[in-house]
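Data first, discussion second: the structure below is written as structure tokens.
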Amino acid sequence: MTSQPGHLSPRLDEIIADHIALEGPLLPILHAVQAEWGHVPEESLKPIAAALNIGKAEIHGVVSFYHDFRREPRPAHVVRICRAESCQSQGGRALERDVKARLAGRSDVLFEDVYCLGLCACSPAAMVDGELVGRAGTDEICERVGA
Amino acid sequence: MKVWLSQDAAARALGADRVAKAMVDAGVQPIRTGSRGMVWLEPMAEVEIDGVRHAFGPLVAGDVAALMADPKGHPKALGPTDELPWMKGQTRMTFARVGVIDPLSLDDYRAHGGLKGLEVARAMPPADVVEEVTQSGLRGRGGAGFPTGIKWKTVAGVEGPKKYIVCNADEGDSGSFADRMMMEGDPLCLIEGMAIAAYAVGADKGYVYLRSEYPDAIRIMRAAADLWNRERLTPDFNVEIRVGAGAYICGEETALLNSLEGKRGTVRAKPPLPAIKGLFGKPTVVNNVITLAAVPGIMAAGAATYRDFGIGRSRGTIPLQIAGNVKYAGLYEVAFGLTLDEIVNDIAGGTASGRPVRAVQVGGPLGAYLHPSQFDVPFGYEEYDAKSALVGHAGIVVFDDTVDMAEQAEFAMEFCGIESCGKCTPCRIGAVRGRETIARIRRGDMTAKPLVTDLAETMREGSLCALGGFTPFPVISAMNLYPEDFEQVEAAQ
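Taken in sequence, the protein lines are chains A and B. When you read off a place in the first sequence, starting at 1, and then add 73, the result is the number in my numbering. When you read off a place in the second sequence, starting at 1, and then add 252, the result is the number in my numbering.
Here is the structure:
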């Protein structure tokens, strides 16, 4: 489980120290921050920027560019249903519609768009709380988030 | 009892871990391998019977007890794995060990020919290694098809104390999963290929840039890199795994380099080529996973052996990734030259739905849709180019007759808009306007058609990279080959 943000130090200092010697350390740091707090907290940006000697605008540019980095705390469940062509050919669009309809109103479920999970030979595919599901069905996805 | 069980992400997504647990509970410890590529049989296990590996699948946990008691008589017995038609029809050079060995066992790797290519390479002067790769005819398997040897020669020819080998493992094309399967099934082969490249061009550091959507591949590649570095297999070259952050554009090599440097993954204008000014401004080889993983086999067997396979200027083998609405989906490595008819109707067995095949998209979201009337085209770079189509990463996605090609065309533009890095106008704005304009056609406004054709030309000619430049392929192919789908007027406006 991820820890609560608010008091980022000294954990943030450790994360920075663990990665600062890498070539191009920013993405590894942001991944580690997100692994720790479930998102990239706003208050982490200034210390990271200072440690890397880059501007806050630059770090904001990077965080906002990549789809993976969340700015808001992550709810209990994250559901990613593949939206790409192979899954479309096997009913992916209908699956996404059905699951979203079934889980409408569940504020503890976050839907994230994903384009290809590399499971194209067992489409449609989904990732529920980090676990991959091949030949995914509405029931199976909903069961995994307790619905 | 010797038992192998796939731990490929697709097998796990279909329940392989539950089968593994049942085996352990029954007192058998399976050797977890990559996938043999027959995904419709996953989770698939193999049991050694009289010294021969026999296949069983698709398994559920409830099958295990009976399987362990009497493998030969089990209803899911498929016979010797190598005798299955799917396996027999292939020429497995790059994927020879995938699904066969424990991916993280150096002993297993060595016993199946691993490190031989590196040994052969290191016994030659570096320039001869470059020449050997050039002579093999190997071209970039990521999609661009650029001759690998020529790229290496450029990097080798640049003076400088610091050079890099970067493996592009940002496999984002829908229908493609060969990189993932290679990294999960034979990660040391990829690193060996990188080490040979490093020796050939004089680099001492390698990065694998791996997409975050592949958690299993990340875990296995990290373990393999640790193993390689720890065992000091190449003391003068080490390798590090870096994880992307969900940006399709980072599969474009210059965007990938920016991302590795910790920047926004925007495309760089070329020149300068990455071979001359690449990662951190240093000469850099950027190659796809399959390109690099092909190299150890080429060095071990000799360029001529590899070159003897294929057609025209497409030499060697290509791991076809057969996906979407097909009966038999999976990875099939074969010499270039098969027709789409052979791939879709014979190997893949037609659609899973049993309905007629209507369209096949080859080469990912930037690849053209092909109509059954074009199914005689042989699989090769120039052959596809002549049809305004793309081999790309050899992902093949099959659609049945329920597909709405206008919806697919609109999606192509939508995807480009979502993933555009924003650097160049034709892609950034063109994709958004393209989507809107195709939506107009879908609402019945036929005057929008010439606008799409015109916009497609602007994007093709004016974009910095393949995202904006190739998005017109699926759009225009859909409009030209399926005009009837662009005539329909939706009921209410």
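The C-beta atom is built at its ideal place from N, Cα and C for all residues, glycine as well.
(request) Count the other C-beta atoms from every protein chain shown that fall within 10 angstroms of the C-beta of V276 of chain B, then say buried if there are 16 or more, exposed otherwise. (result) exposed
(request) Return no unless some Cβ of chain A is closer than 7 angstroms to the Cβ of L266 of chain B. (result) yes
(message) With H, G and I counted as helix, E and B as strand and the rest as coil, what does DSSP make of Q613 of chain B?
(response) strand
(message) So F142 of chain A contacts chain B; which residues on that side make the cut at Cβ distance below 7 angstroms?
(response) A497
(message) Quick check on this structure: which residue in B:Y621, B:M657 and B:V649 has the alpha carbon closest to the alpha carbon of Y636 of chain B?
(response) B:Y621
(request) Indicate, with yes or no, if the ligand FAD has a heavy atom lying under 6 angstroms from the CB of E96 of chain A. (result) Ligands in the displayed structure: none, and consequently the ligand FAD is not present.
(request) Use the C-beta contact count for P535 of chain B: other C-beta atoms within 10 angstroms, 16 or more gives buried, fewer gives exposed. (result) buried
(message) Quick check: is the beta carbon of G576 of chain B nearer than 7 angstroms to any beta carbon in chain A?
(response) yes
(message) Distance cutoff 7 angstroms, beta carbons only. Does Q281 of chain B sit that close to anything in chain A?
(response) no
(message) As a quick exercise: from B:E671, B:V655, B:R687 and B:D653, pick the residue whose alpha carbon is nearest that of M665 of chain B.
(response) B:R687
(message) Let me confirm a value: T654 of chain B is counted as buried when at least 16 other C-beta atoms fall within 10 Å, else exposed. Which label applies?
(response) exposed
(request) List the whole-angstrom C-beta distance separating F138 of chain A from Q107 of chain A, where the pair is believed to meet the contact cut-off of C-beta under 8 angstroms. (result) So it is not a contact: roughly 14 angstroms between Cβ atoms.
(request) Return the chain-ordered ranges of every alpha helix (DSSP H) run that is complete within the region 623-703 of chain B and spans a minimum of 4 residues. (result) 633-637, 657-671 and 677-694
(request) Would you kindly check if the distance between the Cβ of T569 of chain B and the Cβ of T343 of chain B is under 7 angstroms? (result) yes
(message) Any beta carbon of chain B sitting closer than 7 angstroms to that of F184 of chain A?
(response) no
(message) Under 8 angstroms, with one C-beta from each stretch per pair, do the region 603-621 of chain B and the region 546-557 of chain B reach the 3-pair mark?
(response) no
(request) Count the other CB atoms, across all protein chains shown, that sit within 10 Å of the CB of M253 of chain B; report buried if there are 16 or more and exposed otherwise. (result) exposed
(request) Output yes or no for whether 7 angstroms exceeds the beta carbon distance between A611 of chain B and F651 of chain B. (result) yes
(message) What does DSSP give as the partner residue(s) for I443 of chain B in the beta ladder?
(response) DSSP, once it has assigned bridges, lists no residue as partnering I443 of chain B.
(message) Check whether the region 577-590 of chain B and the region 688-701 of chain B touch, using three or more Cβ-Cβ pairs below 8 angstroms as the test.
(response) no
(request) Please list the residues of the region 556-589 of chain B that have a C-beta atom closer than 8 angstroms to any C-beta atom in chain A, keeping them in chain order. (result) Q573, I574, A575, G576, N577, A581, G582 and L583
(request) Indicate whether A476 of chain B and V381 of chain B have their beta-carbon atoms separated by less than 7 angstroms. (result) no
(request) For chain C, find out if any of its Cβ atoms is closer than 7 angstroms to the Cβ of A157 of chain A; answer yes or no. (result) Absent from the structure: chain C. Protein chains present are A and B.
(request) Just tell me which of A:S180, A:C155 and A:D181 has its CA closest to the CA of R170 of chain A. (result) A:C155
(request) For chain B, find out if any of its Cβ atoms is closer than 7 angstroms to the Cβ of G97 of chain A; answer yes or no. (result) yes
(request) Could you have a look at F347 of chain B and say whether DSSP puts it in helix, strand or coil? (result) coil
(message) Taking the straight line between their C-alpha atoms, what separation do you get for A297 of chain B and S287 of chain B?
(response) 10 angstroms
(request) Compare the C-beta of C215 of chain A against all C-beta atoms of chain B and say whether one is closer than 7 angstroms. (result) no
(request) Taking D322 of chain B as the reference, give the member of B:E335, B:H306, B:T333 and B:P337 with the closest Cα. (result) B:H306
(request) Please list the partners that V222 of chain A has in chain B, where partner means a Cβ-to-Cβ separation under 9 angstroms. (result) Chain A is shown only over 74 to 220; residue 222 of chain A falls outside these bounds and no answer can be derived.
(request) Give the range of the beta strand (DSSP E) segment to which W256 of chain B is assigned. (result) V255 to S258
(request) Grab me the residues of E492 of chain B's own chain with a C-beta within less than 8 angstroms of its C-beta, minus the 5 sequence neighbours each way, in chain order. (result) K457, G458, Y459, V460 and A477
(request) Name, in chain order, the residues that DSSP records as bridge partners for V299 of chain B. (result) B:V255 and B:H306
(message) Are the CB atoms of S388 of chain B and G616 of chain B within a distance shorter than 7 angstroms?
(response) no
(request) Could you tell me the boundaries of the alpha helix (DSSP H) in which E525 of chain B lies? (result) According to the sequence displayed, residue 525 of chain B carries Leu and not Glu. No alpha helix (DSSP H) holds L525 of chain B; DSSP gives it neither H nor E.
(request) Please determine, among A:Q163, A:S117 and A:V152, the residue with the shortest C-alpha to C-alpha distance to A177 of chain A. (result) A:V152
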